[in-house]
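Asks: Quick one: the structure is below, questions incoming.
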Amino acid sequence: MQSDLLDGTGLTLEPSPDGSGLSAVYAPVAGRRDLKARELRQAIEAAGYGDLFISEDALEQLLQKVAVTPIGFAARVGERRDATLAVHVSDDMMEATITIHPACGGRRITAEEVEKALAGHGVVCGMLHDEIGSAVEAGEASRLVVASGTPPVPGEDTQFISLVPEMAAPAPQLAENDTADYRNLGDIVSVTLGDPLLRRSRPTRGAPGVNLLGVQLPTTDGVEIPFADNLTGIACDLADCDLLIAAISGRPEIVPRGVVVDPVFKVKRVDLSTGNLHFRGSLEISGDVLEGMEVTATENIAVGGIVEAARIKAGGDIVVQGGVIGHKSDQGKTERKEMARLEAGGSVTVQFAENAVIGAGGEIVVKELAMQSELTSGSSIQVGDRGGRKGHIIGGVCRAVSLVHAVVIGSHAGVPTQIEVGVDPALNRKLEAVLETLAEKGRLMEELTKTLAYVNENPGSMEPGLLNLKGKIHAKYQGEIAELTGEKKRLQKRMEINAQARVEVERDVFLGAQIRIGSSVMPVEEDLTSPTFTLGQEGVRY
């Protein structure tokens, strides 16, 4: 079938007798129309020979000859070609690829031919039949992987997997109103007894491989690696020997083949650059704790400098080498105090205390001066060394269970100074809270009782449902008051006065001081020298 695209050009297309090619035949014509190579190719495709291999060079040469020759001729411009297949196998015999040049009107490559060619190269394992099928269907491929060996997988050695959360970069915490709190930069990563820290995995067995020739490739098993020696602050879990847990509270640190827990976290000072510190363990602060900062630890806290108007809380002892000082400032006609606050489950030792609130489950030791401070101890308070020159308590309140010892109490100016011994201050605070709650419940109970009495005298004055509700509230108040009354009696019994409690003063007690032992109070109405206050039958004596 000839294409109309060749009309007037003198060219016709004829297949070769054996069907393997295509020829263009030229017969000179008057008024020949010029033809470009692109138009000739379109004519070939329109005539149904587009699947043959068409030589672009042959087309150009044909058109050039047509343009100059006065005689007819025939030239071969296309041929029928079969697809070709090339197989390449890698040197390590682990990968085979194929390249398929597509057919041009000839025979296509089949999957069976690909597999046979692979087998001819010795490939017996790892054929990828899906990839072979896709390439055959597409009729072409370029270095497509159609066979892959299985590489050996070595066993994995023991791995040490950290269970300790990573320390986040310090950043101000945002409040609900989106303001940044530069004192709260995030907690220190710390652990407590029993926290999981590090897991050791068991080594795995290796898996042998196989190449394309079916030859097995050897492998190696993983190596078992023990925990490092001399790990401190940790223990193996009793139910899992591959799990390390914290044996103490402190700061965990991952080390090669293990983890250690340091019970003490050290820092130079506490200010806005560090943020507030919250640590499970002990803290050592070599410098100062600045105003407004907060430091807490479950164990001991040691401060090498001074503590300004900050808050320090420890589950154990607190030692401050440089003293504790809050701030007092005048704002117009009002005086404002920013107290320094220390709270310890154990003892507290400071060089001096001014405008400070200090509470301790154990003893409180102030080496030089306690001025306008509130000291509360579950044991004893000692201000100044025995036989020393320093050791003044001036103003404020000192409370202790058994003993308050000082060199001087009060001052020549008659500053009010209150000393209390004989009763556990913690129990006293609990009793005060119970009494306050009991008084409030009693007031509510009295008002409700009057309401119910009025309704009884005036039937129908209150809707029945509301009357029933008030009756239930009345019964609830009765139960709560009975429980609070019992708690009050228990606390009062525990607050029996320590008969051995005393206040010892080595030198002077000045006018303005007040000594309380249990419920007995003695105002100091004149300066006294070296008194020891105890509890007698008629009250405080010295």
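With positions in the sequence shown counted from 1, the corresponding number in our numbering is that position plus 1071.
Yeah, the Cβ is synthetic: ideal placement off N, Cα and C, and Gly gets one too.
For Ser1473, write down the residues that DSSP places opposite it in a beta bridge.
Replies: In the sequence shown, the residue the question calls residue 1473 occupies position 402. DSSP lists no partner for Ser1473.
Asks: Output the distance between the C-alpha atoms of Pro1267 and Cys1307, rounded to the nearest integer angstrom.
Replies: Working through the sequence shown from its first residue, we reach residue 1267 at position 196. Working through the sequence shown from its first residue, we reach residue 1307 at position 236. Cα to Cα, the separation comes out at about 10 Å.
Asks: Please go through the region 1191-1217 and give each complete alpha helix (DSSP H) segment of 4 or more residues, from N-terminal end onward.
Replies: 1200-1209, all fully within the region 1191-1217.
Asks: Measure the alpha-carbon distance for Arg1407 versus His1398 and round it to whole angstroms.
Replies: Residue numbering aside, residue 1407 sits at position 336 when the sequence shown is read from its first letter. Residue numbering aside, residue 1398 sits at position 327 when the sequence shown is read from its first letter. Interpretation of Arg1407 is limited by its pLDDT of 49, a score under 50 that renders its predicted location unreliable; no figure is taken from the coordinates.
Asks: Does the count of Cβ pairs from the region 1429-1449 and the region 1465-1473 closer than 8 Å reach three?
Replies: Result yes; three or more Cβ-Cβ pairs closer than 8 Å.
Asks: Apart from the five residues just before and just after Arg1112, which ones in its own chain have a Cβ nearer than 8 Å to its Cβ?
Replies: On the sequence shown, position 41 is the one that residue 1112 refers to. The residues are Ile1125 and Leu1130.
Asks: Leaving out the 5 sequence neighbours to the left and right, which residues in its chain are closer than 7 Å to Glu1597 when beta-carbon positions are compared?
Replies: Here residue 1597 corresponds to residue number 526 of the sequence shown, with the count starting at 1. Leu1582.
Asks: Going by other Cβ atoms of all chains shown within 10 Å of its Cβ, with 16 needed for buried, is His1200 buried or exposed?
Replies: Residue numbering aside, residue 1200 sits at position 129 when the sequence shown is read from its first letter. The residue is exposed, with fewer than 16 neighbouring Cβ atoms inside 10 Å.
Asks: Evaluate Pro1535 with the Cβ neighbour count: other Cβ atoms within 10 Å of its Cβ, from every protein chain shown; 16 or more gives buried, anything less gives exposed.
Replies: The count along the sequence shown starts at 1 and reaches residue 1535 at position 464. Classification for Pro1535: exposed.
Asks: Could you pull the DSSP bridge partners for Asp1579 from this structure?
Replies: One-based indexing of the sequence shown puts residue 1579 at position 508. Beta-bridge pairing links Asp1579 to Val1479 and Thr1600.
Asks: In three-state terms, what does DSSP make of Pro1535?
Replies: Taking the sequence shown and counting its residues from 1, the one referred to as residue 1535 is at position 464. Pro1535: helix per DSSP, three-state reduction.
Asks: Apply the 10 Å Cβ neighbour rule to Gln1453 and answer buried if 16 or more other Cβ atoms are within range, or exposed otherwise.
Replies: Along the sequence shown, one-based indexing puts residue 1453 at 382. Flag for Gln1453 reads buried.
Asks: Between Thr1600, Leu1599, Pro1602 and Val1592, which has its C-alpha nearest Gly1610's C-alpha?
Replies: Taking the sequence shown and counting its residues from 1, one reaches residue 1610 at position 539. Ranking Thr1600, Leu1599, Pro1602 and Val1592 by Cα distance to Gly1610 puts Val1592 first.
Asks: Near Lys1438, which residues of its chain fall below 6 Å by C-beta distance, leaving aside the five closest residues on each side in sequence?
Replies: In the sequence shown, the residue the question calls residue 1438 occupies position 367. Gln1422, listed in sequence order.
Asks: Do the CB positions of Val1436 and Met1410 come within less than 8 Å of each other?
Replies: Along the sequence shown, read from residue 1 onward, the residue named residue 1436 stands at position 365. Along the sequence shown, read from residue 1 onward, the residue named residue 1410 stands at position 339. It is not a contact, given that the beta carbons lie outside the stated cut-off.
Asks: Which whole-angstrom value describes the C-beta separation of Thr1447 and Ala1584, a residue pair presumed to lie in contact below a C-beta threshold of 8 Å?
Replies: One-based indexing of the sequence shown puts residue 1447 at position 376. One-based indexing of the sequence shown puts residue 1584 at position 513. With 8 Å as the limit, Thr1447 and Ala1584 do not qualify as a contact, their Cβ atoms being about 18 Å apart.
Asks: For Gly1143, name the three-state secondary structure that DSSP assigns.
Replies: Taking the sequence shown and counting its residues from 1, the one referred to as residue 1143 is at position 72. Looking at Gly1143 - three-state DSSP - the assignment turns out to be coil, as it is neither helix nor strand.
Asks: Identify every residue that forms a DSSP beta bridge with Tyr1097.
Replies: Translated into the one-based positions of the sequence shown, residue 1097 becomes position 26. Looking at the DSSP assignment, Tyr1097 forms a beta bridge with Leu1082 and Phe1144.
Asks: Is it true that the CB of Leu1156 sits closer than 8 Å to the CB of Ala1117?
Replies: To locate residue 1117, count along the sequence shown from 1; it is residue 46. To locate residue 1156, count along the sequence shown from 1; it is residue 85. Contact flag unset, no.
Asks: Taking the straight line between their C-alpha atoms, what separation do you get for Lys1560 and Arg1573?
Replies: Sequence index remark: in the sequence shown, residue 1560 carries index 489 (1-based). Sequence index remark: in the sequence shown, residue 1573 carries index 502 (1-based). Whole-angstrom Cα-Cα distance: 25 Å.
Asks: With respect to the beta strand (DSSP E) encompassing Glu1365, which residues constitute its N-terminal and C-terminal limits?
Replies: On the sequence shown, residue 1365 is found 294 positions in, with the first residue counted as 1. Note, Glu1365: beta strand (DSSP E), Glu1365 to Ala1368.
Asks: What's the gap between the Cα of Gly1430 and the Cα of Phe1350?
Replies: On the sequence shown, position 359 is the one that residue 1430 refers to. On the sequence shown, position 279 is the one that residue 1350 refers to. Those two C-alpha atoms are separated by around 20 Å.
Asks: Going by Cα to Cα distance, which pick from Ile1115, Ala1182, Asp1163 and Thr1140 is closest to Glu1150?
Replies: Against the sequence shown, residue 1150 aligns to sequence position 79. Among Ile1115, Ala1182, Asp1163 and Thr1140, the Cα nearest to that of Glu1150 belongs to Ile1115.
Asks: Are the CB atoms of Asp1313 and Glu1324 within a distance shorter than 8 Å?
Replies: Within the sequence shown, the letter at position 253 stands for residue 1324. Within the sequence shown, the letter at position 242 stands for residue 1313. Not a contact, by the Cβ cut-off of 8 Å.
Asks: Helix, strand or coil: which one does DSSP assign to Lys1438?
Replies: Position 367 of the sequence shown, counted from the start, is the residue given in the question as residue 1438. Three-state result, Lys1438: strand.
Asks: Out of curiosity, what's the CA-to-CA distance linking Glu1615 and Gly1081?
Replies: Residue 1615 lies beyond the stretch modelled for the chain, which goes from 1072 to 1613, so this question has no answer here.
Asks: Quick one: what does DSSP say Ser1400 is sitting in, helix, strand or coil?
Replies: Translated into the one-based positions of the sequence shown, residue 1400 becomes position 329. Residue placement at Ser1400 is poorly supported in this model, since its pLDDT is 47, which falls under 50; the coordinates still yield a value, given next. Reduced to three states, the DSSP call for Ser1400 is strand.
Asks: When the Cα of Gly1176 is compared with those of Ala1206, Gly1119, Asp1105 and Ala1138, which residue comes out closest?
Replies: Here residue 1176 corresponds to residue number 105 of the sequence shown, with the count starting at 1. With distances taken between Cα atoms, Gly1176 lies closest to Gly1119.
Asks: Exposed or buried, Arg1514, counting other C-beta atoms within 10 Å across all chains shown (16 or more means buried)?
Replies: Your numbering for residue 1514 matches position 443 in the sequence shown. By the 10 Å Cβ count, Arg1514 comes out exposed.
Asks: Does the region 1283-1301 come within contact of the region 1224-1231, defined as at least 3 CB pairs closer than 8 Å?
Replies: Contact between the region 1283-1301 and the region 1224-1231 is present, because at least three Cβ pairs lie under 8 Å.
Asks: Going by beta-carbon coordinates alone, are Ile1383 and Ile1372 separated by less than 8 Å?
Replies: The residue you call residue 1383 lines up with position 312 of the sequence shown. The residue you call residue 1372 lines up with position 301 of the sequence shown. Cβ distance < 8 Å, so Ile1383 and Ile1372 count as in contact.
Asks: State the Cα-Cα distance for the pair Gly1493 and Ser1233, rounded to the nearest angstrom.
Replies: As a first step, residue 1493 is located in the sequence shown; it is residue number 422 there, counting from the start. As a first step, residue 1233 is located in the sequence shown; it is residue number 162 there, counting from the start. Roughly 52 Å between the two C-alpha positions.
Asks: Note down, in chain order, each residue of its chain lying with its Cβ closer than 8 Å to the Cβ of Arg1178, except the 5 sequence neighbours on either side.
Replies: For the purposes of this step, residue 1178 is identified with residue 107 of the sequence shown, where counting begins at 1. Asp1153 and Ala1154.
Asks: Once DSSP output is grouped into helix, strand and coil, what is the label at Gly1304?
Replies: Residue 1304 sits at position 233 when you count from the first residue of the sequence shown. Coil.
Asks: Can the beta-carbon of Gly1481 be found closer than 8 Å to that of Val1580?
Replies: Start at 1 with the first residue of the sequence shown, and residue 1481 comes out as number 410. Start at 1 with the first residue of the sequence shown, and residue 1580 comes out as number 509. Cβ distance < 8 Å, so Gly1481 and Val1580 count as in contact.
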